[in-house]
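Presented below is the structure to which this report refers.
2 protein chains.
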Amino acid sequence: MQKIGFIGLGIMGKPMAINLLKAGYNLIVFSRTSIPAEELIEKGATKALSVAEITKVCGTIITMLPDSPQSEEIIIGENGIIQTAKKGALVIDMSSINPIISIKIGEKLASKGIDFLDAPVSGGEQGAIEGSLAIMVGGRKEAFERAIPIFKTLGSSYFLIGENGAGNFAKLVNQIIVTINIAAISEAFILAKKAGLSPTLVYNAIKNGYAGSKVLDSKLPMIVNRDFKPGFKIDLNKKDLQNVMNAGSALNVPLPLTSIVLEILKSISCAGNGNLDNSSIVNFYEDMSKIIVKE
Amino acid sequence: MQKIGFIGLGIMGKPMAINLLKAGYNLIVFSRTSIPAEELIEKGATKALSVAEITKVCGTIITMLPDSPQSEEIIIGENGIIQTAKKGALVIDMSSINPIISIKIGEKLASKGIDFLDAPVSGGEQGAIEGSLAIMVGGRKEAFERAIPIFKTLGSSYFLIGENGAGNFAKLVNQIIVTINIAAISEAFILAKKAGLSPTLVYNAIKNGYAGSKVLDSKLPMIVNRDFKPGFKIDLNKKDLQNVMNAGSALNVPLPLTSIVLEILKSISCAGNGNLDNSSIVNFYEDMSKIIVKE
């Protein structure tokens, strides 16, 4: 079966790599940091000691990295994929990064005859483990079609949205809506609590109406039960909204609500709580209002 | 069958009254303004020329009015229900008003031995016509139980959330979440459009993930199709968020996002578009960013 290179073995990358191994792919893995690859090797992966070891043998290379600087370095940096990848290779960057950087990476790779997809995901660690990620893709149609068997293994939905950058722009759209909605719920339930209402009774009364959402159903019970275990960490959400603001600056798009919510995320991170789930946005409101949203 | 007084025959009140008539209630109706009651009289209602004509014969009186001042005037004003209603009567105010006023009305009525429920609804004109409103109730348990047959006729869900005011507080919680979410979607899809993406493709890619909501599913198609027919009018939404801010001031609750979204609603209303659906929040963003969210 096809040889695939996989770079980035963190919380998301490792379970994704495992799913590719289970599907029968020949995987050659590389970690920038010292994340142990033993579990993957046991399951049949080969460990590479450099990016070049991967590009030598793999026509398709997946990257799953924390943010734009890492994607830039690994794909188009001094020792990056671009230096040694064969013409006609396909690079799929599944990291959530600044879409402007995705466009830049795509252009640089294209100049060497290497195809590129930006394909960030939504669904978190759970989605990565279950192979139920939502994959948002930017790039050429032919490249997208080449990647479909891989996307089918990793996700439950995959959409080609436009040229390079479109995948990461769609991810930013997603993150704007999700994060502002968590803040909206926090603001609303602080008012409910200050008014002496039971959060759970209010939740029951509104959840099937227009206020209903995935965020309400997943985050409100966490808030009421004071369970802020991630899930999706404040610091990663902060990175995403920082990328939103960077993209907004590049495109001259005013983002009044996003900018405020980013400041809230910074405040939580600054208090040393960047590792909590993003439902802990409510903690900012609780500090501000001196009240706790619980029964 | 039970005689019920019904005061307020507007967009919401009229179809609600029709549903009560259909269910067999004896209805005596009164309109503060010159809204014609012919349709209701044809269906069997009796028209009263004053509030006192209603209180004389009805043990239960429903009010469905635009905002706090009208509820105050009709229920506890100089010629209001309180002046002539019998001891043991039940007043159900289904208007969406400032919960602080609901508490005040409840106290005044209680001092005369009249029971009171604040029972605002969510679901709009369509929900009123279909009898599928979500009813959020504040008041005494005994009063709530007395009103259940009426709530069953008018709505598909009804919850007693707490003492007087709790119904309208829950409604404000609902409106905070709904309105901020519309603004979030507007902000997000402006960015998508500025990035050259198809709004519909992005919608398809994100709707089943964490960004998914009733608001996204109902408002995004309206935005893309440039259909801003209400639905729920900007001016009514503005009134609700003004009530949120008033309640927030009374309870000392900081509401940073709600306050910004209220300013957006004011701007749209000020441009003469207060009669459009609240999905037209996107128009504010479009003006600001000089781009239209359509395919």
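Chains as they are written, first to last, in this note's numbering: chain A, 786 to 1080; chain B, 786 to 1080.
Ideal Cβ placement from N, Cα and C applies to all residues, glycine included.
Are any of the Cβ atoms in chain A nearer than 8 Å to that of B/Glu-972?
-> Yes, B/Glu-972 lies at the interface with chain A (some Cβ there is under 8 Å from its Cβ).
Near-chain B residues of the segment 979 to 990 of chain A (beta-carbon distance less than 8 Å), N- to C-terminal order = Answer in chain order: Lys-979, Ala-980, Gly-981, Leu-982, Ser-983, Leu-986, Val-987, Asn-989, Ala-990.
Any C-beta of chain B under 8 Å from that of A/Met-921 = By this cut-off, A/Met-921 is an interface position.
Between which two residues does the alpha helix (DSSP H) carrying A/Ala-1069 extend?
-> Correcting the residue type first, residue 1069 of chain A is Phe in the shown sequence and not Ala. Counted as a single uninterrupted DSSP element, the alpha helix (DSSP H) harbouring A/Phe-1069 occupies residues 1066 to 1074.
Answer with buried or exposed for A/Asp-1002, where buried requires no fewer than 16 other C-beta atoms within 10 angstroms of its C-beta.
-> By the neighbour-count criterion, in which a residue is buried when 16 or more other Cβ atoms sit within 10 angstroms of its Cβ, A/Asp-1002 is exposed.
Any chance the segment 989 to 996 of chain B sits against the segment 956 to 964 of chain A, with 3 or more Cβ pairs inside 8 Å?
-> In short, these stretches touch, since the Cβ pair count reaches three.
Spatially closest choice to B/Ala-833 from B/Lys-788, B/Asp-852, B/Met-797, B/Asn-804, by CA coordinates | It is B/Lys-788 whose Cα lies nearest to the Cα of B/Ala-833.
Would you kindly check if the distance between the Cβ of A/Gly-923 and the Cβ of A/Gly-940 is under 8 Å?
-> Result no, Cβ atoms of A/Gly-940 and A/Gly-923 do not sit closer than 8 Å.
Tell me where the alpha helix (DSSP H) around B/Leu-902 begins and ends.
-> Premise fails: B/Leu-902 lies in the beta strand (DSSP E), 900 to 903, not in any alpha helix (DSSP H).
Closest by CA to B/Ile-885, which one among B/Thr-848, B/Asn-949, B/Gly-916?
-> Checked all of B/Thr-848, B/Asn-949, B/Gly-916; the closest Cα to B/Ile-885 is B/Asn-949.
Indicate whether A/Ile-1076 and A/Ile-975 have their beta-carbon atoms separated by less than 8 Å.
-> Yes, the pair counts as a contact, with Cβ atoms nearer than the cut-off.
8 Å contact criterion, which A/Ala-955 and B/Ala-990 should meet: CB distance rounded | About 5 Å separates the Cβ atoms of A/Ala-955 and B/Ala-990, confirming a contact at the 8 Å cut-off.
Listed by chain order, chain A residues near B/Met-1073 by CB distance under 7 Å = Going along chain A in sequence order, the residues near B/Met-1073 (Cβ under 7 Å) are Pro-1039.
Could you tell me which of A/Phe-901, A/Lys-871, A/Ala-895 sits nearest to A/Ser-880, measuring between CA atoms?
-> Across the set A/Phe-901, A/Lys-871, A/Ala-895, the C-alpha of A/Phe-901 shows the shortest separation from the C-alpha of A/Ser-880.
Rounded separation between A/Lys-937 and A/Thr-845 - CA only | A/Lys-937 and A/Thr-845: Cα-Cα distance of roughly 15 Å.
Which residues in the same chain have their Cβ closer than 6 Å to the Cβ of B/Pro-851, if we skip the five residues on either side of it in sequence?
-> Counting only Cβ-Cβ distances below 6 Å, and skipping sequence neighbours, we find nothing.
Sufficient close CB pairs (3 or more, under 8 Å) joining the segment 1059 to 1068 of chain A to the segment 1008 to 1025 of chain A = The answer is yes - the segment 1008 to 1025 of chain A touches the segment 1059 to 1068 of chain A, with three or more Cβ pairs under 8 Å.
To the nearest whole angstrom, what separates the beta carbons of B/Thr-848 and B/Ile-859, a pair I think is in contact under 8 Å?
-> That pair is a contact at about 6 Å.
Can you check DSSP and say which residues form a bridge with B/Lys-1018?
-> In the DSSP output, where bridge partners are listed per residue, B/Lys-1018 has B/Asp-1062.
Look up B/Val-1078 in the DSSP assignment and say whether it is helix, strand or coil.
-> Residue state, collapsed to three classes: coil.
At 8 Å on the CB atoms, spell out the chain B contacts of A/Lys-1051, in chain order.
-> Ordered by position in chain B, no residue passes the 8 Å Cβ test against A/Lys-1051, which lies about 14 Å from the chain.
By the criterion of Cβ-Cβ separation under 8 Å, what are the contact partners of A/Leu-1042 in chain C?
-> In summary, chain C is missing from the structure at hand, where the protein chains are A and B.
Spell out the partners DSSP gives B/Val-876 in its beta bridges.
-> Beta-bridge analysis with DSSP links B/Val-876 to B/Ile-846, B/Phe-901.
Quick one: residues in its chain with C-beta nearer than 7 Å to the C-beta of B/Ile-1049, no 5 flanking neighbours on either side, listed in chain order?
-> Non-local C-beta neighbours of B/Ile-1049 in its own chain, meaning closer than 7 Å and more than five positions away in sequence, comprise Ala-968, Ile-1066, Phe-1069, ordered along the chain.
Closer than 8 Å by beta-carbon distance: list the chain A residues that pair up with B/Asn-1058, in chain order.
-> What B/Asn-1058 touches in chain A: nothing, since even the nearest Cβ is about 19 Å away.
Whole-Å CB distance - A/Ala-913 paired with A/Pro-821, under 8 Å assumed = Contact between A/Ala-913 and A/Pro-821 does not hold, since the beta-carbon distance rounds to 18 Å and is not under 8 Å.
Relative to the C-alpha of B/Asp-1020, which residue among B/Ile-1053, B/Asn-804, B/Gly-952, B/Glu-892 is closest?
-> Selected option, being the one with the closest Cα: B/Ile-1053.
What does DSSP give as the partner residues of A/Asn-811 in its beta bridges?
-> Beta-bridge pairing by DSSP links A/Asn-811 to A/Lys-788.
Per DSSP, B/Thr-831 forms a beta bridge with which residues?
-> Assignment of beta-bridge partners to B/Thr-831 by DSSP yields B/Ile-813.
Selected residue, minimal CA-CA separation from B/Glu-927, among B/Glu-915, B/Gly-916, B/Ile-877, B/Lys-828 = Comparing alpha-carbon positions, the option among B/Glu-915, B/Gly-916, B/Ile-877, B/Lys-828 lying closest to B/Glu-927 turns out to be B/Ile-877.
What separation, rounded to the nearest whole angstrom, lies between the Cα atoms of A/Gly-981 and B/Met-921?
-> As the crow flies, the alpha-carbon of A/Gly-981 is around 15 Å from that of B/Met-921.
Given a cut-off of 8 Å, decide if A/Gly-873 and A/Ala-904 are closer than it, judged by their beta-carbon atoms.
-> Cβ distance not < 8 Å, so A/Ala-904 and A/Gly-873 don't count as in contact.
With a CB to CB cut of under 7 Å and the five nearest residues on each side skipped, what residues in its chain are close to B/Gln-1027?
-> The residues are Leu-1047.
Hey, is A/Ala-1032's beta-carbon within less than 8 Å of any beta-carbon in chain B?
-> So yes, A/Ala-1032 belongs to the interface.
First through last residue of the beta strand (DSSP E) which encompasses A/Ser-942 | First-last of the beta strand (DSSP E) with A/Ser-942: 940 to 947.
Reduced DSSP category for A/Met-921 - H, G, I as helix; E, B as strand; rest coil | It is a strand residue.
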